[in-house]
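First up is the structure itself, then whatever we jot down about it.
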Amino acid sequence: MQNRNYIYYDHTISLCTTCLRRVNAKIVFDEGNVYMLKKCPEHGDEKVLIATDIEYYKQIRNYNKESEYPLHFNTPTHYGCPYDCGLCPDHEQHSCLTLIEITDRCNLTCPTCYAESSPTYGRHRTLEEIEHMMDVIVRNEGEPDVVQLSGGEPTIHPQFWEIMDMAKTKPFRHLMLNTNGVRIANDKGFAEQLATYAPAFEVYLQFDSFRPEVLKQLRGKDLTDVRKKAIDKLNALNLSTTLVVTVQKGQNDDEIGEIIDYALKQKCVRGVTLQPTQVAGRLDDFNPATDRITLTDVRTKILEQTNVFNPNDIVPVPCNPDALAMGYALKIEEDVFPLTHMIDPQDLLNNSGNTIVYEQDERLKSHLINMFSTGISTDEVKEELNEIMCCLPKIEAPGLGYDNLFRIIIMNFQDAYDFDVRSIKKSCVHIVNKDGKIIPFETMNLFYRDDKQQKLEVLQDIPFLT
Ligand code: SF4
């Protein structure tokens, strides 16, 4: 008898990174890390690092909750996941956030861009196409939680304000604008006009680094000044903003703590979303063998590089626990209070609200008691906290506002390397395309964007997929 030099944990279906065909994959624990071992009949074996924290990886499944599915599915289930997007009836989560790409074009040509956008790439969508895409989301979701105008760079669409007005006529509960910030920084009056769409509107601002050389590597130019000018304007308007960081190993993974500390001091910033680079689209000077970074790596770096969050403050998000980790905090005056560790984990799994045991934190308790009118009960304080601690931002709590909230999100969009068919079915960030399909962000960038679909059609003809 001989022993394997790893612990076999699970089995799934992944993708061959060369031909994108489905392949069997083992999940194994080896020297403190979690790996996927894959076998493609044509391209051989692959060993891919998928997590650097075994205990966190094992814990993910405890956070699964009942799937919520859309009112309508858009494609039949025929070839098997991920070749039926979507959404097909086999999908296990509705669209928590849906992107509408209103243009293929951009005012930058970033070396890292999943959409391969540039000033001359593709075209702008027509108003008719955009309205159709919005209506597809409404048909699927009824009252969609979060809809994000995206691109390319959505602010360069010549009918941008008409599109914003159109979005406001639809029953979207929260509208976001995914932008590189160039127009906010440089165009007089642009930020002010954006602010007229608040509340229930938020800027999702690209913000990768403080270092010019990293910005040149990721964005093709030094955008330090653009970032500063944009944040100054958004602060002046207190316009809700999330900073979005594309994290690349060896580039900006040592700046995570600095970015979070900076974000906590900005009046307009409600949180930071950290996205490990998805290996898809244009990726200049990127070596997947050495430059990929995992969700657990990013989580560890947050814990190492800030003194705000502890391990039980950043936990898997139940709607899509493999891909999403989240930590909530309250910003009150100059103080920051992480909240996630105060929630009973069981409460995260049902939809009836979270029980926050805030009394254990004397500093927070005294702040809250001072903030609220005298005579408020403990239950009422908990109610207030619950109101703002929701996936969907709510601002009705009279004592606390959305600007008291600070959210850290790690959003790992799987690529062909770490693709796991079990968890891709729980993907909850989707893209509506002009043909009326709603496609998970991950599979869109791998299979369905532009001419990638033709490659997929060739794959579907191979016998072992049918
Ligand atoms: S990812 Fe979802 S929508 Fe796409 S094929 Fe799989 S189950 Fe269907």
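Start counting the sequence shown at 0; every next residue gets the next number (numbering that gives the first Met the number 0). C-beta: ideal position from N, C-alpha, C; glycine also. Nothing here was measured: the structure is a model prediction, and the numbers come from that model.
Would you tell me roughly how many angstroms separate the C-alpha atoms of residue i and residue j, rounded to the nearest one?
i    : j    : result
Q92  : P275 : 22 Å
G150 : A279 : 15 Å
T465 : Y78  : Residue placement at T465 cannot be trusted, given a pLDDT of 38 that sits under 50; what the coordinates show is reported in the next sentence. When rounded, the distance between both Cα atoms is 6 Å.
Q304 : F418 : 28 Å
V213 : G270 : 22 Å
A415 : K37  : 11 Å
Y401 : P170 : 20 Å
Y82  : L14  : 11 Å
E201 : V145 : 10 Å
N286 : T168 : 44 Å
K187 : A229 : 11 Å
F466 : M35  : Within the shown structure, residues of the chain are numbered from 0 to 465, placing residue 466 beyond reach of any answer.
G121 : I53  : 43 Å
R466 : G31  : Summary: the structure shown does not reach residue 466, with the chain confined to residues 0 through 465, and so no result is reported for it.
T76  : H90  : 9 Å
N444 : Q1   : 42 Å
N73  : C87  : 6 Å
Y56  : I26  : 11 Å
D260 : D221 : 21 Å
P118 : K64  : 42 Å
F405 : T289 : 32 Å
D231 : A24  : 48 Å
L323 : V22  : 24 Å
E127 : G249 : 43 Å
Y7   : T16  : 22 Å
P310 : H156 : 42 Å
N61  : C318 : 12 Å
E45  : C39  : 8 Å
M132 : G435 : 6 Å
H340 : W160 : 41 Å
S66  : V316 : 12 Å
I12  : E456 : 19 Å
F463 : F336 : In this predicted model, F463 has a pLDDT of only 43, less than 50, meaning its place in the structure is not dependable; the value taken from the coordinates is given anyway. Each residue's Cα considered, the two are about 53 Å apart.
In the structure shown, what three-state DSSP assignment does residue i receive?
i    : result
N177 : strand
G85  : strand
N411 : coil
N328 : In the sequence as presented, Asn is not what sits at residue 328; that position holds Ala. If DSSP states are grouped into helix, strand and coil, A328 belongs with the strands.
I99  : strand
V213 : helix
E333 : coil
Q158 : coil
Y113 : coil
P392 : Because P392 carries a pLDDT of 48, less than 50, the predicted location of this residue cannot be relied on, and the following value inherits that uncertainty. In this structure, P392 counts as coil in the three-state DSSP scheme.
Y62  : helix
Y7   : strand
S13  : strand
Leaving out the 5 sequence neighbours to the left and right, which residues in its chain are closer than 6 Å to residue i when beta-carbon positions are compared?
i    : result
V181 : N106 and V225
R281 : C112 and E115
D450 : none
C267 : L233, N234, N237, L238 and T240
I408 : T272 and M325
P153 : I101
S208 : L214, N251 and E254
R3   : none
D321 : I59 and S422
Between residue i and residue j, which are expected to be in contact by the criterion C-beta below 8 Å, what is the C-beta distance as a whole number of angstroms?
i    : j    : result
I183 : A190 : 5 Å
A199 : R172 : 7 Å
Q147 : L98  : 5 Å
Q205 : N185 : With a Cβ gap of about 15 Å, Q205 and N185 do not count as contacting.
I129 : S94  : About 17 Å; that fails the 8 Å criterion.
For residue i, which residues of its own chain have a beta-carbon under 8 Å away from its beta-carbon, when the five flanking residues on both sides are left out?
i    : result
G219 : L107, T108, C109 and P110
T442 : P81, C84, G85, I423 and S426
N403 : L329, K330, I331 and I387
H71  : R138 and N139
I292 : V246, Q247, K248, D252, P275 and T276
Can you check whether the C-beta of residue i is within less than 8 Å of a C-beta belonging to chain D?
i    : result
P198 : Reference to chain D is not applicable here, since this structure consists of a single protein chain.
Ordered along the chain, which non-local residues of its own chain (more than five positions away) have a Cβ less than 7 Å from that of residue i?
i    : result
V33  : I26, I49, A50, I53 and Y56
T245 : T111, D207, L217, Q274 and T276
M163 : Y196
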